[in-house]
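Read through the structure below, which is laid out as structure tokens, and then see the notes.
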Amino acid sequence: DTLLGKDASVLTKTMAKAMVRTKSRALVDKALPPAKRLVYARGLTNLFVLEIGPLLTALLLAGRIGGSYAGEIATLAATDQANLLRTLGLSPRRFALAPAALAALLAAPLLTLAGTALALGLAAIVGARTFGGTHWFADHLTTALFPPLDLALSRDLLVWPPVHFFLKSLTFVILLLAAAEILATRPDLQPRHVPLAITASVVAASLSIILADWLFAHLLIRHHLSSSS
Numbered sequence: 641d642t643l644l645g646k647d648a649s650v651l652t653k654t655m656a657k658a659m660v661r662t663k664s665r666a667l668v669d670k671a672l673p674p675a676k677r678l679v680y681a682r683g684l685t686n687l688f689v690l691e692i693g694p695l696l697t698a699l700l701l702a703g704r705i706g707g708s709y710a711g712e713i714a715t716l717a718a719t720d721q722a723n724l725l726r727t728l729g730l731s732p733r734r735f736a737l738a739p740a741a742l743a744a745l746l747a748a749p750l751l752t753l754a755g756t757a758l759a760l761g762l763a764a765i766v767g768a769r770t771f772g773g774t775h776w777f778a779d780h781l782t783t784a785l786f787p788p789l790d791l792a793l794s795r796d797l798l799v800w801p802p803v804h805f806f807l808k809s810l811t812f813v814i815l816l817l818a819a820a821e822i823l824a825t826r827p828d829l830q831p832r833h834v835p836l837a838i839t840a841s842v843v844a845a846s847l848s849i850i851l852a853d854w855l856f857a858h859l860l861i862r863h864h865l866s867s868s869s
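In terms of this note's numbering, the sequence shown opens at residue 641 and continues consecutively.
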């Protein structure tokens, strides 16, 4: 009535409403698929690159690398091999921590990258079957992975996806090695306590990784809030 006036016939009003609905539906049908593709591609990219990929890989490595390294140094401490090395003027960390840290610091980012790439590849396949086409996923993936960066701001560099990705991976592997060093090298450790030391190291590493992930998420949230304000 507002648009057509009170004197318009019922047929005119019905036809006008039908035309409005048709135009509105056409606009929605045209705009909605690209919006869905955008949310799907960028959402999954940010989820796996900034959050899930590094976290899940680190938790898996906490059980594999952390448990293996904790068992090795706990056995050294429990059987007095560490004391023997010190008597010979050698540091036990030279034979245990150095090679383990080097291997872990190299392997963790590569394994995280491989797992994240696999997840995004599967997401692209699912997206192609759901929305059709594949080029749009690669375009949105590139945009989400490499947003504009202001090198003058160190805060922006820390949350830039590639840097944030590898920083989280390296931080997590350092935490799991530190947990093993703290809990599995007690001087009073006995051979029967080695399994307990391994379990404690893995649990402590997992909890510290989850806490560190929460701190990284807090950093991202603060950055986005400051950028939008």
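Just so it is clear, CB atoms sit at the ideal spot from N, CA and C, and this is done for glycine as well. Since we're looking at a predicted model, the values are computed, not measured.
- Here the alpha carbons of Gly767 and Val813 stand approximately 32 Å from one another.
- Three or more beta-carbon pairs separated by less than 8 Å link the segment 708-716 to the segment 814-833, which places the two stretches in contact.
- Cα atoms of Ala857 and Ile705: separation of roughly 24 Å, rounded to the nearest angstrom.
- In the DSSP assignment, Phe771 falls within the alpha helix (DSSP H) that extends over 737-771.
- If you look at Trp776, you'll find it in the alpha helix (DSSP H) that goes 775-785.
- Three or more beta-carbon pairs drawn from the segment 773-786 and the segment 676-690 are found closer than 8 Å, and the two stretches are therefore classed as touching.
- Residue burial is scored here from C-beta neighbours: Phe805 has at least 16 other C-beta atoms within 10 angstroms and is therefore classed as buried.
- DSSP places Arg826 outside both helix and strand once states are collapsed to three, so it counts as coil.
- Secondary structure at Leu789: coil, using DSSP grouped into helix, strand and coil.
- Counting along the chain, no alpha helix (DSSP H) covers Ala702, and no H or E run does either.
- Annotation: the continuous alpha helix (DSSP H) that includes Thr727 extends over 721-727.
- In this structure the segment 839-853 does not touch the segment 716-726; the number of beta carbon pairs closer than 8 Å is below three.
- Between Leu797 and Leu745, the gap from beta carbon to beta carbon reaches 8 Å or more.
- Between Leu762 and the set Ile850, Phe688, Ser867, the nearest pair of CA atoms involves Phe688.
- Burial check for Gly729: the Cβ neighbour count within 10 Å stays below 16, so the residue is exposed.
- Taking C-alpha positions only, Leu829 is separated from Leu836 by approximately 10 Å.
- Here Val834 really is in contact with Thr715; their C-beta atoms are around 6 Å apart, less than 8 Å.
- Taking C-alpha positions only, Ala743 is separated from Ala675 by approximately 43 Å.
- Counting only residues of its own chain and dropping the five nearest sequence neighbours on each side, Phe777 has a CB closer than 6 Å to the CB of Ala681, Ala764, Gly767.
- Here the C-alpha atom of Pro673 lies approximately 20 Å from the C-alpha atom of Leu760.
- A Cβ-Cβ separation of about 7 Å places Leu737 in contact with Glu821 under the 8 Å criterion.
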